[in-house]
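Student: Input: one structure, supplied below.
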């Protein structure tokens, strides 16, 4: 079951990530790459890939957690591999679960050029299921 996709806010809006599908078994997002995503050599900064991977894995993990009656999930580890450089054009990112358990989840994400399907990055994110909001640091306000 897919959820309604919220309007982009914060960092997601800043980088221009277009989240198209959110569900407990799959998340799909697109990014139209331009110069604001580049590092000094004119290719996509690795932090963009890490951010895409963390973001969509988190959306999927939270979607599944809420279905299970769990408050949510937060990332505790992000391992991202950069496979080939990319300068401009649309990227397609897909997140799917590897493991979903009582306390943690593990999601994998692929990031590919939309035009030819060539894989540019892949990663996995381990997430902690949140059962008590008091365990989260900081305060909102």
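In my numbering, the protein residues as written are 920 to 1060. All residues carry an ideal CB built from backbone N, CA and C; glycine is no exception.
Tell me which residues share the same chain as residue 1023 and place their Cβ nearer than 8 Å to its Cβ, disregarding the 5 neighbours each side in the sequence.
Tutor: Contacts found: 995, 1045, 1046, 1047 and 1048.
Student: Does the distance from the CB of residue 933 to the CB of residue 948 come in under 7 Å?
Tutor: Taking 7 Å as the Cβ cut-off, residue 933 and residue 948 do not qualify as a contacting pair.
Student: Using 8 Å for Cβ pairs, my map puts residue 1039 next to residue 1030. What's the rounded Cβ distance?
Tutor: Correct: roughly 5 Å between the Cβ atoms.
Student: Are there three or more Cβ pairs, one per stretch, closer than 8 Å when the stretch 1007-1016 is compared with the stretch 986-994?
Tutor: No, they do not touch.
Student: Would you report the Cα separation of residue 914 and residue 965, rounded to the nearest angstrom?
Tutor: Because the chain is modelled from 920 through 1060, residue 914 falls outside the range shown and cannot be assessed.
Student: Here's the rule: buried if 16 or more other CB atoms are within 10 angstroms of the residue's CB, otherwise exposed. What is residue 974?
Tutor: By the neighbour-count rule (16 or more Cβ atoms within 10 Å), residue 974 is buried.
Student: Going along the chain, which residues of its own chain have a beta-carbon closer than 6 Å to the beta-carbon of residue 927, five neighbours each way excluded?
Tutor: There are no such residues.
Student: If the criterion is Cβ atoms closer than 7 Å, does the pair residue 983 and residue 1021 meet it?
Tutor: Going by C-beta atoms, residue 983 is not nearer than 7 Å to residue 1021.
Student: Please state the DSSP three-state secondary structure of residue 955.
Tutor: DSSP places residue 955 in helix when its eight states are reduced to three.
Student: Can you tell me whether residue 1004 is helix, strand or coil according to DSSP?
Tutor: Looking at residue 1004 - three-state DSSP - the assignment turns out to be coil, as it is neither helix nor strand.
Student: So for residue 994, helix, strand or coil by DSSP?
Tutor: It is a strand residue.
Student: Taking only the alpha-carbon atoms, compute the straight-line gap between residue 961 and residue 1006 and give it to the nearest angstrom.
Tutor: Cα to Cα, residue 961 sits roughly 6 Å from residue 1006.
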